[in-house]
Amino acid sequence: MDLCTVETYLQPTNLHDVQDWQADWAWLAGGTWLFTQPQPQVKTLVDMQHLGWSEIECASDGLTIGATCVLSHLLQATYPPEWTAVTALHSAVHELASFKVQNVATIGGNVCLALPAGTFAPALVALGATYRLLAPNGSTRNVPALAFQTGDRQTVLQSGEALRQIWIPAEYLTWRVGYRRICVATAGLAVTIVVVAYNPRTGATRIAIGAATPAPQLLSFTEMPSPMAMAAALDAQCPLTAYLDNEQASAVYRRHVTLVMMQRACNDALSANL
355 MDLCTVETYL QPTNLHDVQD WQADWAWLAG GTWLFTQPQP QVKTLVDMQH LGWSEIECAS
415 DGLTIGATCV LSHLLQATYP PEWTAVTALH SAVHELASFK VQNVATIGGN VCLALPAGTF
475 APALVALGAT YRLLAPNGST RNVPALAFQT GDRQTVLQSG EALRQIWIPA EYLTWRVGYR
535 RICVATAGLA VTIVVVAYNP RTGATRIAIG AATPAPQLLS FTEMPSPMAM AAALDAQCPL
595 TAYLDNEQAS AVYRRHVTLV MMQRACNDAL SANL
C-alpha cells in the first residue's frame, strides 16, 4: 500500500542521526505490516536496516537475537544441540507467515507491533526472554518480555525508543516446549496461542498464553500441572472479563479453547525430544 502522507525517508547508520525524534516519525523494519495498513499519522519513515541489528549470537549464557533479524534466519541458524526450546521460535515463524513474509518480516517488528495474536510474544514470555530497549540518545534499559506488551498494540516503548535485542537465558533453552495455536479460519488471526516450557529435570513448567487476552499471560508451576490445576490457575489469573470478546470469538470460547490448548501443549512438551 502506498503511504501517501510520507514526506521523508531516513536511513540512519546510528541513532545519533535520529536524536530529534518527532511524533509523526515511524520505525521501518521489514514493513510487512506497515505497508498493508493506512498510516495517516506518519510523515517520516526511519529505516532500521542499516543499523546492523540483525545478529543471532549463541553464547554460554544464552541466545541474543537482533531486532531486525529476518524470521527465516531463525530457521536457518545453527544452535547448540541441547537448546531444544528453539523449536518454539521455529513454530512462531511457521505459524506467523508465508514463505514470502518469512524472508522479509523481522522478529522485532512482530514483537513491537504487539498484536494480541502475535506469534512470538508468548514464546518469548515462556522462555523468560529479556528485551533491551534503546533510546535515540543512546540510553538503554532492559525489560522482561512479560512486562513489555501491556495491551492490544500497546507496549512500554517510549517516543523514539526501539527494541534493540532479545536475549533468552540458556537455562530455558534446554527445556522442552510445546506450541499450540488455533484460529477460526486457516488464514485468520489466532483465537488463542499457548506455549509451554517444561524442565524435565525439575518438573518446573511455564505456560504462556497469547491471542486470547490483550497482552500475554504467564502461569508458573513447580511441576507439570494436572488439567484441574491448569483450570484453577487459568481462572485465578484470567477471569472471563480478561479475555478478548469480539467478532472473531467470544470470551467464553477463548477461555475454553485456551484450556484445551494448554493441555495439548503440555502433552507435547512432555513427549518432546524423547
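Numbering (the working numbering), first residue to last: 355 to 628. The C-beta atom is built at its ideal place from N, Cα and C for all residues, glycine as well.
Practice item. May I ask you to list the residues that DSSP assigns as paired with Q395? Key: Looking at the DSSP assignment, Q395 forms no beta bridge with any residue, so it has no partner.
Review point. To the nearest whole angstrom, what separates the beta carbons of A431 and A480, a pair I think is in contact under 8 Å?
Key: The Cβ separation is near 19 Å, so there is no contact.
Point to revise | Proximal residues to T559 (C-beta, below 6 Å), its chain only, five neighbours per side dropped | key: Y552, F575 and M578
Review point. With a cut-off of 8 Å, do at least 3 Cβ pairs link the stretch 442-461 to the stretch 483-493?
Key: no
Review point. How about Q393 and V424: do their beta carbons lie closer than 9 Å?
Key: no
Practice item. For S574, write down the residues that DSSP places opposite it in a beta bridge. Key: R560
Check your understanding: Straight-line CA distance for A383 to H404?
Key -> 10 Å
Check your understanding: How would you write the range of the beta strand (DSSP E) that N496 sits in, first residue to last?
Key -> T494 to P498
Point to revise | Pick from W387, D401, A377 and G532 that is closest to Q365, judged by C-alpha positions | key: D401
**Study point:** Three-state secondary structure (DSSP) of T422
**Key:** coil
Practice item. Have a look at G406, I419, A566 and W375 and flag the residue whose alpha-carbon is nearest the alpha-carbon of I461. Key: I419
Check your understanding: If you follow the alpha helix (DSSP H) that T441 is part of, which residue opens it and which one closes it?
Key -> V440 to L450
Check your understanding: Out of curiosity, what's the CA-to-CA distance linking H427 and P490?
Key -> 27 Å
Practice item. Using three-state DSSP, classify Y607 as helix, strand or coil. Key: helix
Point to revise | Closest by C-alpha distance to A380, when choosing among V611, N368 and K397 | key: K397
Exercise for review: Please report how far the alpha carbon of W437 lies from the alpha carbon of W529, in whole angstroms.
Suggested key: 8 Å
Exercise for review: Please list, in chain order, all residues of the same chain as T595 whose beta carbon is under 8 Å from its beta carbon, the five residues on each side excluded.
Suggested key: A605
Practice item. Tell me whether R507 is buried or exposed, calling it buried when 16 or more other Cβ atoms sit within 10 Å of its Cβ. Key: exposed
Exercise for review: Please state whether DSSP places E525 in a helix, a strand or coil.
Suggested key: helix
Exercise for review: Leaving aside the five residues before and after L478 along the sequence, list all residues of the same chain whose C-beta is less than 6 Å from its C-beta, in chain order.
Suggested key: A499
Review point. Per DSSP, V548 is paired with what?
Key: R534 and I563
Check your understanding: Under the DSSP definition of a beta bridge, which residues are partnered with A413?
Key -> G416
Check your understanding: Which same chain residues, not among the five before or five after G416, have their C-beta less than 7 Å away from its C-beta?
Key -> W521, I522, P523, A524 and L527
Review point. If you check the beta carbons only, do A569 and Y597 fall under 9 Å apart?
Key: no
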